[in-house]
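Chains B and Y supply the protein sequences, listed in that same order.
For what it's worth, my numbering labels the leading residue of the first sequence as 725, then goes sequentially.
For what it's worth, my numbering labels the leading residue of the second sequence as 725, then goes sequentially.
Okay, so here's the structure we're looking at.
Protein chains: 2
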Amino acid sequence: MNNLNFKHLYYFWVVAQEGSMTRAAERLDLAIQTISGQLSLLERQLGKSLFAAQGRGLALTEAGRQALGYADQIFQLGDALVEALNSSDNENTLRLRVGISDGIPKLLAYRLLSSVYKMPLDVRLICDEGEFETLLADLALHRLDVVLTDRPAPIGGNLKVFSKRLGDFATGIFGSVSLVDRTKAGFPQSLDGAPMLLPTRHNALRSRIDRWLEQNGVRPRIVGEFEDSALLNTFGREGLGLFTAPLALAEQIAEQLGAQALGAMNGVSEHIYAISNERRIRHPAVEVLCAASPQDETPAAV
Amino acid sequence: MNNLNFKHLYYFWVVAQEGSMTRAAERLDLAIQTISGQLSLLERQLGKSLFAAQGRGLALTEAGRQALGYADQIFQLGDALVEALNSSDNENTLRLRVGISDGIPKLLAYRLLSSVYKMPLDVRLICDEGEFETLLADLALHRLDVVLTDRPAPIGGNLKVFSKRLGDFATGIFGSVSLVDRTKAGFPQSLDGAPMLLPTRHNALRSRIDRWLEQNGVRPRIVGEFEDSALLNTFGREGLGLFTAPLALAEQIAEQLGAQALGAMNGVSEHIYAISNERRIRHPAVEVLCAASPQDETPAAV
DNA sequence: ACCAACACTTCGGTTTTATCGGACAAAAAC
DNA sequence: GTTTTTGTCCGATAAAACCGAAGTGTTGGT
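Quick look at the structure:
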């Protein structure tokens, strides 16, 4: 419980700025007695005195100086709030602040988010990328409305969040044309010794890929590990190695990266989760996003 | 004037978190009528509705969603304030947050600040370095108590600040022993063609140096320009070129940088200013700092 | 289709809080 | 010493926050 009276804090802030209760009372159009009284109430509640008598004026104590720093930020935010609400550019547009975890394919994120544009409203997407933990923290602070990631939020964490699996996407192996030609015959055995780019172990998919490779008895030459899928794709486009991607994106990958599917990794699928704040009132666009039922774009196992 | 009622905002914040007025009323130990009434007052004052009726519950409007983001930060700061004040480590120590402009000699800053340690109190110095403009902004936000810099604050700026000249420091030319030996004879003519390190044009001293060089008819070879004086000193210590510094620091420069004074630059002196917030109640350590009267350590002109 | 349960609003009256006038104390200026 | 300035204490008053009772609209069950 926040036992801080912001009205009192505001008076304190003005007094500190003006340098005296008298001038603060003038600026606030109040009697000095009011300021004095409310200020001593604040000090009582905080358990610290904020001003010390100095001559016939006031001096800030160290506690007061610290409080002043916070008060500054607080009332600046208050002004910003009022201003943001009065700015007219947010009349008919719905803002959706999405955090996209580094590891998940950007094209997949795009496809999943496309559902929100079908809403009968102007939607402005505000995208942010970063590490899983960072994004969760931003979610808790309401800087984000939803996070798209490859794993559910840790249960029992100190953050109250809500994870919804958006879908399973069967994974395949892709590569530039030259690479694919060389390894097409005898898949998956042909992968043995072939150059390959993989996500780092931070990615939940990575362990599934490793297991699949082991079960199929192939040991590709791992030429790179990437935290960020977009970076991985760029390297893959240049023919540096084969890489994995959702089979559902085969068409776009061919168009944008000039890479073809070599084969499916049976049993390996990427799970995408939408993590949002667990409060009853959720963002309408997040509702739409989660409502897009977990339709497996391709069955997980063949 | 900040026409935002933070008490109302707090109720709004709890309602948004809990998802309903009923549950918020429970958490706040208030009747639902109160919440309802205070919330509609907030909406009236802001001129926007924050909630829209949805079914028998509530839904945040876009304005409400934006407000929620601000409220989050505001009440987090409020908690932080209370916590900071209750933490015991600030009992008998006075914190002085000083911003030191890139260009001014660090040793000079140290010497000027040493006066605050003579106060009959434990003083904890918190130093920050950076660009002039950045530091001024931090000053305005009360993240700093005073800024030490080489020029007064711009008059008529939108920030209300107070500049006090702390002193004029006659400047000389210094260099590593080998360099000084080579150019000692016939100073200042011997500077012609000598390698030299100078502050960039952002430094107020630079133009005075340039004028002095011109007036004395010497054209050194400028081998480097530095924004940061500490970096300049490091290069100077390695004998890369001659450099300028306050003559008053000759002793320390000899000790710490192994450099000797070559000669004085008559008429060139570094002005150091303390810029602080213009409010009546100033930091006691800042008072002490400014009280150290503008004693010219060496007269400006010989 | 109807009724009960639920969630919020509206309208008084009551309680709490904030505010101000008057009297007072302390420091500084004269 | 007197006056001026600045802040504090006390009691009355104005403003706000709060709650009980009654009312509207929505949902869900039968």
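Just so it is clear, CB atoms sit at the ideal spot from N, CA and C, and this is done for glycine as well.
{"query": "Cα-Cα, which of B:A1015, B:L1013, B:H1007 is closest to L818 (chain B)?", "result": "B:H1007"}
{"query": "Using 8 angstroms as the limit for Cβ to Cβ distance, is F735 (chain Y) near chain B?", "result": "Per the sequence presented here, residue 735 (chain Y) reads as Tyr, with Phe not at that position. Judged by the 8 angstroms Cβ criterion, Y735 (chain Y) is not in contact with chain B."}
{"query": "Could you name each continuous alpha helix (DSSP H) segment of 4 residues or more that falls completely within the stretch 804 to 883 of chain Y, going from the start of the chain to the end?", "result": "830 to 837, 856 to 864"}
{"query": "Keeping to the same chain, check which residues put their C-beta closer than 6 angstroms to that of E1011 (chain B); ignore five residues upstream and five downstream.", "result": "none"}
{"query": "Whose C-alpha, out of B:L845, B:V847, B:L863, B:P844, is nearest the C-alpha of E853 (chain B)?", "result": "B:L863"}
{"query": "Cα separation between R889 (chain Y) and H995 (chain Y)?", "result": "7 angstroms"}
{"query": "Should L921 (chain Y) and L956 (chain Y) be called a contact, given that it needs their Cβ atoms to be closer than 8 angstroms?", "result": "yes"}
{"query": "What residues are listed by DSSP as bridge partners for L792 (chain Y)?", "result": "Note: L792 (chain Y) sits in no beta bridge, so no partner."}
{"query": "Quick check on E786 (chain Y): does DSSP put it in helix, strand or coil?", "result": "helix"}
{"query": "Just to confirm, is the Cβ distance from V904 (chain Y) to L809 (chain Y) under 8 angstroms?", "result": "no"}
{"query": "Taking only beta-carbon atoms, is D796 (chain Y) less than 8 angstroms away from chain B?", "result": "yes"}
{"query": "How would you call V822 (chain B), buried or exposed, if buried means at least 16 neighbouring beta carbons within 10 angstroms?", "result": "buried"}
{"query": "Taking the straight line between their C-alpha atoms, what separation do you get for I756 (chain B) and V739 (chain B)?", "result": "11 angstroms"}
{"query": "Within the 8 angstroms Cβ cut-off, does P1018 (chain B) reach chain Y?", "result": "Residue placement at P1018 (chain B) cannot be trusted, given a pLDDT of 47 that sits under 50; the coordinates are not used to answer."}
{"query": "Which chain B residues are close to S744 (chain Y), counting only those with a beta carbon under 7 angstroms from its beta carbon?", "result": "R1004"}
{"query": "Just the C-alpha distance for A877 (chain Y) and N1001 (chain Y), rounded to the nearest angstrom, thanks.", "result": "11 angstroms"}
{"query": "Going by DSSP, which residues form a beta bridge with Y997 (chain Y)?", "result": "Y:T873, Y:R889"}
{"query": "What did DSSP end up calling I798 (chain B) once you bin it into helix, strand or coil?", "result": "helix"}
{"query": "Which runs of the beta strand (DSSP E) at least 3 residues long sit entirely within the stretch 883 to 938 of chain B? Give them in chain order.", "result": "885 to 900, 919 to 923"}
{"query": "Does the beta carbon of Q790 (chain B) sit closer than 8 angstroms to a beta carbon anywhere in chain Y?", "result": "yes"}
{"query": "So T907 (chain B) and A918 (chain B) are in contact, right, with Cβ under 8 angstroms, and what is the actual spacing, rounded?", "result": "5 angstroms"}
{"query": "Output yes or no for whether 8 angstroms exceeds the beta carbon distance between L801 (chain B) and I933 (chain Y).", "result": "no"}
{"query": "Would you say H866 (chain B) lies against chain Y (beta-carbon separation less than 8 angstroms)?", "result": "yes"}
{"query": "Report yes or no: is there a C-beta of chain Y within less than 8 angstroms of the C-beta of G666 (chain B)?", "result": "Any answer about residue 666 (chain B) is impossible in this case: the structure gives chain B only from 725 up to 1026."}
{"query": "Beta-carbon of L955 (chain B) versus every beta-carbon of chain Y: anything under 8 angstroms?", "result": "no"}
{"query": "Under 7 angstroms, CB to CB, which of the residues in the stretch 827 to 845 of chain B have a partner in chain Y?", "result": "none"}
{"query": "What is the residue span of the alpha helix (DSSP H) that V942 (chain B) lies within?", "result": "Segment: none, V942 (chain B) is in no alpha helix (DSSP H) and carries neither H nor E."}
{"query": "Can you pull the chain B neighbours of K731 (chain Y), defined as C-beta to C-beta under 9 angstroms?", "result": "N729, F730, K731"}
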